[in-house]
Amino acid sequence: MCGITGYIGDNKTTDILIDGLKRLEYRGYDSCGIAAVDGKNRLYLKRVSGRVDALDKLVAAEPVKGAHAGVGHTRWATHGAPSEDNAHPHTDCSSEVVVVHNGIIENYLDLKEKLLAGGHKFKSETDTEVIAHIVEEKLKSLHVQASAARADMLEPVFFEAFRRAVADLKGSFAISVVWAKCPGMILAARMHSPLVVGLGKGENFIASDVSAFLKHTKRVVFLNDGEMAAVKKDGIDFYTFQGKKVAKEPVTIQWDSTMAEKGGYKHFMLKEIHEQAEAVENTLRGRLLPIGGDILRSEIGLSAEAMKSFSSLQFIACGTAYHAALVGRVLFENFGIAAHADVASEFTDRAKLMAPNTLVIAISQSGETADTLFAVREAKASGAKVLAITNTVGATLTREADYVLHTHCGPEIGVASTKAFLGQLAAIYLLAGHFAAARGRLTGTDARNYAEELLKIPRLIEETLEKEKEIAKVADSFASSEHFLFISRHINYPIALEGALKIKEIAYVHAEGYAAGEMKHGPIAIIYKGMPLLAVAPSGRTLDLMAGNIEEAKARGADVVAIVDEASKKTVKASRYLVLPTTGELFTPMLTVIPLQIFAYYVALAKKCDIDKPRNLAKSVTVR
Ligand code: M6R
0 MCGITGYIGD NKTTDILIDG LKRLEYRGYD SCGIAAVDGK NRLYLKRVSG
50 RVDALDKLVA AEPVKGAHAG VGHTRWATHG APSEDNAHPH TDCSSEVVVV
100 HNGIIENYLD LKEKLLAGGH KFKSETDTEV IAHIVEEKLK SLHVQASAAR
150 ADMLEPVFFE AFRRAVADLK GSFAISVVWA KCPGMILAAR MHSPLVVGLG
200 KGENFIASDV SAFLKHTKRV VFLNDGEMAA VKKDGIDFYT FQGKKVAKEP
250 VTIQWDSTMA EKGGYKHFML KEIHEQAEAV ENTLRGRLLP IGGDILRSEI
300 GLSAEAMKSF SSLQFIACGT AYHAALVGRV LFENFGIAAH ADVASEFTDR
350 AKLMAPNTLV IAISQSGETA DTLFAVREAK ASGAKVLAIT NTVGATLTRE
400 ADYVLHTHCG PEIGVASTKA FLGQLAAIYL LAGHFAAARG RLTGTDARNY
450 AEELLKIPRL IEETLEKEKE IAKVADSFAS SEHFLFISRH INYPIALEGA
500 LKIKEIAYVH AEGYAAGEMK HGPIAIIYKG MPLLAVAPSG RTLDLMAGNI
550 EEAKARGADV VAIVDEASKK TVKASRYLVL PTTGELFTPM LTVIPLQIFA
600 YYVALAKKCD IDKPRNLAKS VTVR
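End of the sequence shown = 623 in numbering that gives the first Met the number 0, gap-free, step of one.
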């Protein structure tokens, strides 16, 4: 998730681009840049490692005069560490084609290889740079005929070159391109990454979201997947990737810019809850099939052979990431692969006792959590190899680990982790599938079914999110409760823990997450009449036991809300149900956690808590 801006018109291009980037910084801020062209085909490129304020200072010190078209970008690194060289915009060999991009070009390694063989020189480690070079290639082939033609013939050539370049790309992208030779037009394309154009008077805008240009215009057109835009100062034309013109009606946005930053949601947390299907989709993209093969080898260096060689797995993580680790433990054990999970701050002595050839899997959204880093260092000192699952390219954890599997969730702003958790789960399910298949524990139809079920999850997440209003109603009814219980079993036990953590951290209420079978060993004593108890009870091997535990709680007065699917609803007797779409038993945590996140959110909202910045907490805990 990065932020893109684009502008064409007679106003101060660089000021507009930079102001837009400031408003998009919430999408990522490890580096940024702008490129602008003037009427004499001169291109100005300014980039910095760091935040937009630094770019602003640079441009103020070396102003760009006379530019009337340009693009800007604030980056959240996916390919290549945060640095000036990797900052967008990226250029082709001639430094005439300039590209900004949000998303992931899945086939960039193949494309890069071909371009290198064709003599192209690369200046960054990004996937994005291939786009500039492909446009350059396509221009070369088309420009032969067009070079002798009038300047206005350059526009169709540029359009066609870009269209053909886009056809070569696989993955997710929102792209905007400027060609110095053709300064009267900016081109843009969208596939699985947001892109919107803003319609001004004698000027037009491009951005990842409307907050970038809302103070200039509220009339916008959202691009759909597979659509392109040719943006000139006096008009915009829309096309399909096949080059067919499409008519699109502008809509008028009512949001102010703060609302727009949050996509119209009241809080980043709610926005991020709604981004979870995308987080899973992006994390799985291009990494799952063929299951059990060497698909992760080129990306993270982990071959199928290596996956076979580890004696066991040891997860370490903190907070929400630890709950993802617990799901991972059950999942790997389900495939007969020995796995342990520990809270990083409690890992110390265990590091020395790990079985030889254990693979340590450290999970951390930020990659900077001190407890996790310390545990990783202990594990490495004991000779273990470490695989990091993190959302942050270039974080300390990535530099210390032997293998790094990035989740592609985009920056998570809310302190309460939501979409990062789903991204971590997606990475774990991906790894578990590959490990199990490589070790002969997941074969034939089972392997196919596993992959198919996993690929369906983003759609089921969307369906689950449709229950928001229903969940909010249940939450409102408990808004004055001071104590909450969350129970479940097996692979959903960590989800009960996560449900309790979420509500504790954002609604400041006392909550306990328990293994349902443990309740009778003590905690059941705290149940009083009307106590809210959320029971995660989807279909699966422990459903009958869960149904029994729910009865026990009800008999002591608990007011039970059951998180079920259509089938398990028939077995569980509760006062209220939240019915989720059906998926395979092993995959249920990726759905069951969602109502608990939404539940916590609405309890916190009713209590008027500071949801995105809860008291006493920090997004990344860098002390032990
Ligand atoms: O950045 P990390 O994933 O290492 O952070 C770990 C925990 O601090 C984090 O998950 C924390 O528990 C969240 N606030 C939970 O919502």
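Every residue, glycine too, gets a C-beta built ideally from N, C-alpha and C.
Using three-state DSSP, classify residue i as helix, strand or coil.
i, result
"Arg-286", "coil"
"Ile-460", "helix"
"Gln-423", "helix"
"Gln-364", "coil"
"Lys-45", "strand"
"Met-190", "strand"
"Glu-465", "coil"
"His-142", "helix"
"Val-414", "coil"
"Pro-531", "strand"
"His-215", "coil"
"Ala-206", "strand"
"Thr-4", "strand"
"His-87", "coil"
"Asn-106", "coil"
"Asn-694", "Since the first residue of the chain shown is 0 and the last is 623, residue 694 is not available in this structure."
"Phe-121", "coil"
"Leu-301", "coil"
"Phe-314", "strand"
"Ile-174", "strand"
"Ala-478", "coil"
"Gly-38", "coil"
"Gly-199", "coil"
"Asn-491", "helix"
"Ala-160", "helix"
"Leu-295", "coil"
Please state if the CB of residue j and the CB of residue i are separated by a distance shorter than 8 Å.
i, j, result
"Ile-610", "Leu-604", "yes"
"Ala-540", "Glu-584", "The question names Ala, but residue 540 in the sequence shown is Arg. In contact: Arg-540 and Glu-584 (Cβ atoms closer than 8 Å)."
"Lys-200", "Ile-252", "no"
"Val-219", "Val-209", "yes"
"Thr-371", "Leu-352", "no"
"Ala-499", "Ala-534", "no"
"Phe-483", "Ala-510", "yes"
"Phe-420", "Glu-497", "yes"
"Phe-334", "Arg-440", "yes"
"Met-530", "Ala-557", "yes"
"Gly-102", "Gly-285", "no"
"Thr-127", "Val-98", "yes"
"Gly-2", "Ser-207", "yes"
"Arg-22", "Ala-173", "no"
"Thr-125", "Val-58", "no"
"Thr-77", "Ala-131", "no"
"Thr-582", "Glu-452", "yes"
"Thr-593", "Asn-548", "In the sequence as displayed, the identity of residue 593 is Ile instead of Thr. In this structure, Asn-548 does not lie closer than 8 Å to Ile-593 by Cβ."
"Tyr-6", "Phe-204", "yes"
"Pro-457", "Glu-280", "yes"
"Gly-69", "Leu-20", "no"
"Pro-580", "Thr-444", "no"
If residue i sits next to residue j, beta carbons under 8 Å apart, how far is it from one beta carbon to the other, in whole angstroms?
i, j, result
"Ile-315", "Val-250", "Going by Cβ atoms, the distance from Ile-315 to Val-250 rounds to 48 Å, so no, they are not a contact pair."
"Ala-276", "Ile-460", "4 Å"
"His-433", "Gly-291", "6 Å"
"Ala-387", "Ala-425", "Between Ala-425 and Ala-387 the Cβ distance is about 15 Å, and since that is not below 8 Å, they are no contact."
"Phe-240", "Val-165", "6 Å"
"Ala-435", "Ile-336", "7 Å"
"Cys-408", "Ala-278", "4 Å"
"Pro-88", "Gly-8", "The pair is not a contact, with the Cβ atoms about 19 Å apart (cut-off 8 Å)."
"Tyr-601", "Asp-475", "6 Å"
"Val-96", "Val-176", "7 Å"
"Thr-389", "His-405", "6 Å"
"Ala-546", "Val-578", "Their Cβ separation, rounded to whole angstroms, is 15 Å, which puts Ala-546 and Val-578 out of contact at 8 Å."
"Asn-356", "Ser-308", "7 Å"
For a cutoff of 8 Å on Cβ pairs, would you count residue i as touching chain D?
i, result
"Asp-293", "The displayed structure is made up of one protein chain only, and chain D is not part of it."
Ignoring anything shorter than 3 residues or poking outside the region 56–81, list the beta strand (DSSP E) runs there in chain order.
66–74
Just to confirm the assignment: which complete beta strand (DSSP E) runs, minimum length 3, are found wholly within the region 541–570?
558–564
Which runs of the beta strand (DSSP E), 3 residues or longer, sit entirely within the region 230–279?
234–239
Which complete alpha helix (DSSP H) runs does the region 335–412 hold, if anything under 4 residues is left out?
349–352, 369–380 and 395–399
Which residue spans inside the region 570–600 form an unbroken beta strand (DSSP E) run of at least 3?
575–579
Which ranges would you report for the alpha helix (DSSP H) in the region 9–39 if only whole runs of at least 4 residues count?
12–23
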